[in-house]
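Peer 1: Submitted below is the structure of interest, expressed as structure tokens.
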Amino acid sequence: MPELAEVEYYRKRWDAGIGAKILAAELRAEKRIFRGTDAHAMERELPGARLLASEARGKQMAFRFSRGVWIAIHLGMTGRLRVEPPEFPAGKHDHLVLRQKERALVFSDPRQFGRVIFFRGKGEPPWWASLPKALTSAAFTRAVLRDALQRHRKLSIKATLLLQQHFPGIGNWMADEVLWQARIHPLTPSGGIDGAHLAALWKSIRAVCLGALRHVGEDFSDPPRGWLFHERWSRRGKCPRDGTQLKRETIGGRTTAWCPKCQM
DNA sequence: TACTCTGTTGAATA
DNA sequence: TTATTCAACAGAGT
38 MPELAEVEYY
48 RKRWDAGIGA
58 KILAAELRAE
68 KRIFRGTDAH
78 AMERELPGAR
88 LLASEARGKQ
98 MAFRFSRGVW
108 IAIHLGMTGR
118 LRVEPPEFPA
128 GKHDHLVLRQ
138 KERALVFSDP
148 RQFGRVIFFR
158 GKGEPPWWAS
168 LPKALTSAAF
178 TRAVLRDALQ
188 RHRKLSIKAT
198 LLLQQHFPGI
208 GNWMADEVLW
218 QARIHPLTPS
228 GGIDGAHLAA
238 LWKSIRAVCL
248 GALRHVGEDF
258 SDPPRGWLFH
268 ERWSRRGKCP
278 RDGTQLKRET
288 IGGRTTAWCP
298 KCQM
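Going by this note's numbering, 72 is the number at position 35 of the first sequence; the sequence numbering is gapless.
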């Protein structure tokens, strides 16, 4: 599930623990969630560290602790962060539990497509510093968009929008929403989008990111009425603009919904 | 029960 | 270098 705004929502769940010390880190190092990181070091070095701050970039989150300790979390498809009472017993899919005096910070992920990465050192971890700039920042210009589309000119625009190195935070439903709002057919080759279409695409990328953050990102409420979002899940979904029955097909390996009438 | 679907992404291949 | 396919995993839906 988690795309840009859901990630932001879950990140803020752990804000409850900011300022408090970690007493214990419970995890099972052999879990797939910890692939590529030193989970034993995490278990050893987190206790005693104080949670200072967190930030989300696209689908990535970083939690910064005292003593130069960081963890990054990616939620994958089914990952969640939540807060439980301090003595809460970890369930089957609760892969990381950070105990504080007043609460437990819990990361769960049944499918384990997500991951946790540990870092201790001076300054920002390299993997964090090298992430692309937010689509809602001034750095995401029309020229940056055009470059990304040209680099993948043969790829369908739907598949291109899912590339995290260019469109951090965009996931399957957001990509469909962006294309529907910009009235662009998901199979359009990315390289063929220019002029007014490019301008419309740029505008709807920002509108969808901002709208999602404002609604889903704040309190997990649904996006605004009138968005494709409310229709795209069902086989019987209708275009909110003209009532046309939506088409559903796999594009770029993902289920895609669009209006055959207004998306050209 | 059996089979299909899934809001992700990285590794392996072409 | 870029595009495509598939697997990692578990639960929900039909």
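Note that CB positions come from ideal geometry on N, CA and C, so glycine has one too.
Since the structure is predicted, the reported quantities are computational estimates derived from the model, not experimental observations.
Considering A78, what are the terminal residues of the alpha helix (DSSP H) in which it resides?
Peer 2: Translated into positions along the first sequence, residue 78 becomes position 41. A76 to E82 is the span of the alpha helix (DSSP H), which, as asked, contains A78.
Peer 1: The alpha helix (DSSP H) that contains I242, what's its start and end?
Peer 2: Taking the first residue of the first sequence as 1, we reach residue 242 at position 205. Run containing I242: G232 to D256, per the alpha helix (DSSP H) assignment.
Peer 1: Can you tell which of R262, D52, T197 and D231 has its C-alpha closest to the C-alpha of A143?
Peer 2: Position 106 of the first sequence holds residue 143. The sequence as given places Val at residue 143; Ala does not occur at that position. Closest by alpha carbon: D52.
Peer 1: Around the Cβ of Q218, are there at least 16 other Cβ atoms within 10 angstroms (buried) or fewer (exposed)?
Peer 2: Taking the first sequence and counting its residues from 1, one reaches residue 218 at position 181. Classification for Q218: buried.
Peer 1: Excluding the 5 residues flanking A99 on each side, which residues of the same chain have their C-beta closer than 7 Å to its C-beta?
Peer 2: Locating residue 99 in the first sequence gives position 62, where the first residue counts as 1. Counting only Cβ-Cβ distances below 7 Å, and skipping sequence neighbours, we find S91, E92, W107, A109 and W165.
Peer 1: Is the beta carbon of E268 sitting closer than 8 Å to the one on K275?
Peer 2: Numbered from 1 along the first sequence, position 231 holds the residue referred to as residue 268. Numbered from 1 along the first sequence, position 238 holds the residue referred to as residue 275. Yes.
Peer 1: Whole-angstrom Cβ separation of G208 and E40, contact assumed at under 8 Å?
Peer 2: For the purposes of this step, residue 208 is taken as residue 171 along the first sequence, with counting starting at 1. For the purposes of this step, residue 40 is taken as residue 3 along the first sequence, with counting starting at 1. Indeed, because the Cβ distance is near 3 Å, the residues count as touching under 8 Å.
Peer 1: Look up R179 in the DSSP assignment and say whether it is helix, strand or coil.
Peer 2: The residue given as residue 179 occupies position 142 in the first sequence. If DSSP states are grouped into helix, strand and coil, R179 belongs with the helices.
Peer 1: In chain order, what residues of the same chain have a beta carbon less than 8 Å from the beta carbon of P122, not counting five sequence neighbours either side?
Peer 2: For the purposes of this step, residue 122 is identified with residue 85 of the first sequence, where counting begins at 1. For P122, where only same-chain residues beyond five positions count, the Cβ hits under 8 Å are R140 and A141.
Peer 1: Mind checking which residues open and close the alpha helix (DSSP H) that includes D213?
Peer 2: Start at 1 with the first residue of the first sequence, and residue 213 comes out as number 176. That run of the alpha helix (DSSP H) goes N209 to A219.
Peer 1: Just tell me which of S241, R136, S103 and L216 has its CA closest to the CA of G158.
Peer 2: Residue numbering aside, residue 158 sits at position 121 when the first sequence is read from its first letter. Of S241, R136, S103 and L216, the residue nearest in Cα terms is S103.
Peer 1: For a quick check, are the C-beta atoms of G289 and P277 less than 8 Å apart?
Peer 2: Mapped onto the first sequence, residue 289 falls at position 252. Mapped onto the first sequence, residue 277 falls at position 240. Against a cut-off of 8 Å, the Cβ pair of P277 and G289 comes out as no contact.
Peer 1: Name the residue from R152, K138 and G105 whose alpha carbon lies nearest to the alpha carbon of H132.
Peer 2: Taking the first sequence and counting its residues from 1, the one referred to as residue 132 is at position 95. The option with the nearest alpha carbon to H132 is R152.
Peer 1: State buried or exposed for D184, treating a residue as buried only when at least 16 other CB atoms are found within 10 Å of its CB.
Peer 2: Reading the first sequence from its first residue, position 147 is the one you call residue 184. Exposed.
Peer 1: Tell me the DSSP secondary structure of K25 in three-state form.
Peer 2: Nothing about residue 25 can be reported from this structure: the residues present for the chain run from 38 to 301 only.
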